[in-house]
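What follows is a short report on a single structure.
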Amino acid sequence: MKVTAKATRRGGWWVVEVPGVEAAVTQARRLDQVSAMVADAVHLVEDVPAEDVEVILDYEIGDSAALMEARAAHLQVESAAHAQECAARASRAAVAHLRRSGLSVRDIGVILELSPQRVSQLDRAGARA
């Protein structure tokens, strides 16, 4: 069962409501506790096993500028992780191609501006892929 939990900060607590599930209201000190609390609340109200409850978290902190900044930062982190994955793939491919061309690990390191140790890691990783 998939539910959306709407968490609102009140005092030192997150008050959490689950629209569509009557009487499924709970609270938690921290956002990382909300999913488990909601799953337990839905279990009690709907008689669905807590482990079968998928919780989508929606939260309001009262400072929309801070929330927008946090979401923008999260998108940048995701973008950076994707770029890092692409760079690693490209580096493995380049190392493999340069090795097939007969170049040494040290020469490839100079070309790619990487340490010989990193080139060796990429070479092993490319061989496994």
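Residue numbers (our numbering): 196 to 324.
The beta carbon of each residue, even a glycine, is placed where N, CA and C say it ideally should be.
By alpha-carbon positions, which one of M232, H238, V211, V229 ends up nearest to M196?
H238
Candidates V220, A285, D235: closest to L317 by CA position:
A285
For the structure I just gave you, are there three or more beta carbon pairs, one from the stretch 204-214 and one from the stretch 250-259, closer than 8 Å?
yes
Count Cβ pairs between the stretch 222-241 and the stretch 201-208 that sit closer than 8 Å; are there 3 or more?
The count of Cβ pairs closer than 8 Å, one atom from the stretch 222-241 and one from the stretch 201-208, reaches three, so the stretches are in contact.
Could you check the C-alpha separation between D227 and Q271 for me, to the nearest Å?
22 Å
CB contact flag (G257, R294, <9 Å):
no
Report the three-state DSSP secondary structure of V211 (helix, strand or coil).
strand
Output the boundary residues of the alpha helix (DSSP H) element that contains D247.
Careful: D247 lies outside any alpha helix (DSSP H) and carries neither H nor E.
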